Amino acid sequence: MSITIKSKTDLMKMREAGRIAGRALQLAGQSVRPGMTTKELDKIIHDYIVGCGAYPSFLGLYGFPGSACISINDEIIHGIPSAKRKLQAGDIVSVDLGAQLNGFHSDTCATFAVGKISAEAQALLDVTKAALEAGIAKAVVDARVSDISGAVEEYCTSRGYGVVREYCGHGIGREVHEAPEIPNYVTPGRNGVKLQAGMVICIEPMINAGKAAIRQCKDGWTVRTRDGSLSAHFEHEVAITPDGPVIMTDPN
């Protein structure tokens, strides 16, 4: 898959789609409460995106049945919304979503506290969000993908957290997943592609409070930590520009 360079018009359209996704994620965070089902949260997200004249990027993607991936506690990614699963006080819940508008996709994620959470859980959220910010700071013209990967990895591993290796960030545009891959770790001897103005990428640390190892659930979608530790996931869609990184999924 080749890397696509977006025109100024493309970037304007992607910013519109990104803003919708950012606002949908913001709404999800405001809506999270103990006792609600993940299906109810998914409906709030779906209705908001559709109400903006867009379409949920994840709905039907590779056969996924929800508008958002909603993953609780030790679930890393791809949790399926369910009317049988209720959020409980003390949970952390990752909400991963996107919106398609005018032929372009957007993609963003955050992990939210459900009521009062433990100090361990809050520390995980803080580290994962800060790792995303560290990665975004490296998303500049002429940098390498490995600069982003290294910033995320160093921030988390130096604090004792596990960095998921089987899933990574990616390019985005007319398809949800485009080249290049944006790993959250560095492979010695592989620097990745050089970043160019007009590239749009998703940077998304998936960080475990324990070890990095994962396990795939029987539903074929949900991925959990193998050791049962908590996991957090934050993501922004970022445009590479001559003036520095621009967060396309900023809700403002």
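For the sequence shown, the numbering used here gives the first residue as -2, with consecutive numbering after it. Glycine included, every Cβ here is placed at the ideal spot set by N, Cα and C. Because the structure is a prediction, the values reported are computed rather than measured.
Beta bridge counterpart(s) of residue i as assigned by DSSP
i	result
aspartate 93	Cys66 and Cys106
histidine 43	Partner(s): none; histidine 43 has no beta bridge.
proline 53	Ala96
asparagine 205	Gly159 and Ser228
glutamate 72	Arg221
valine 197	Ala236
glutamine 34	Here the sequence assigns threonine to residue 34, which means glutamine is not the residue at that position. Lys83.
lysine 191	Arg141
isoleucine 211	Thr222
isoleucine 244	Val235
phenylalanine 101	Leu98
Alpha-carbon spacing of residue i relative to residue j, whole angstroms
i	j	result
alanine 140	arginine 12	22 Å
glycine 157	alanine 206	8 Å
leucine 84	cysteine 153	27 Å
methionine 203	proline 53	22 Å
serine 4	asparagine 249	22 Å
phenylalanine 109	histidine 43	18 Å
valine 137	glutamine 119	30 Å
glycine 151	arginine 162	Residue identity check: residue 151 is glutamate in the sequence provided, not glycine. Distance between the alpha carbons of glutamate 151 and arginine 162 is about 14 Å.
glycine 48	glycine 186	47 Å
alanine 21	isoleucine 46	7 Å
valine 243	isoleucine 237	7 Å
alanine 210	glutamine 23	30 Å
glycine 195	arginine 16	18 Å
alanine 65	serine 155	31 Å
Whole-Å CB distance - residue i paired with residue j, under 8 Å assumed
i	j	result
valine 235	isoleucine 200	6 Å
glycine 63	isoleucine 77	6 Å
serine 253	threonine 222	No answer is possible for residue 253: the residues shown for the chain start at -2 and end at 249.
proline 177	serine 146	11 Å between Cβ atoms; not a contact.
threonine 1	glycine 170	5 Å
glycine 50	alanine 86	Incorrect: roughly 36 Å between the Cβ atoms, too far for contact.
Any C-beta of chain D under 8 Å from that of residue i
i	result
histidine 102	This model lacks chain D altogether; it includes just one protein chain.
Q.
As an exercise, report each continuous beta strand (DSSP E) stretch of at least 3 residues that is fully enclosed by the stretch 149 to 184, in chain order.
A. 166 to 168 and 175 to 179
Q) Does the count of Cβ pairs from the stretch 101 to 112 and the stretch 222 to 234 closer than 8 Å reach three? A) yes
Q | At least 3 beta-carbon pairs within less than 8 Å: the stretch 23 to 42 vs the stretch 84 to 103 | A | yes
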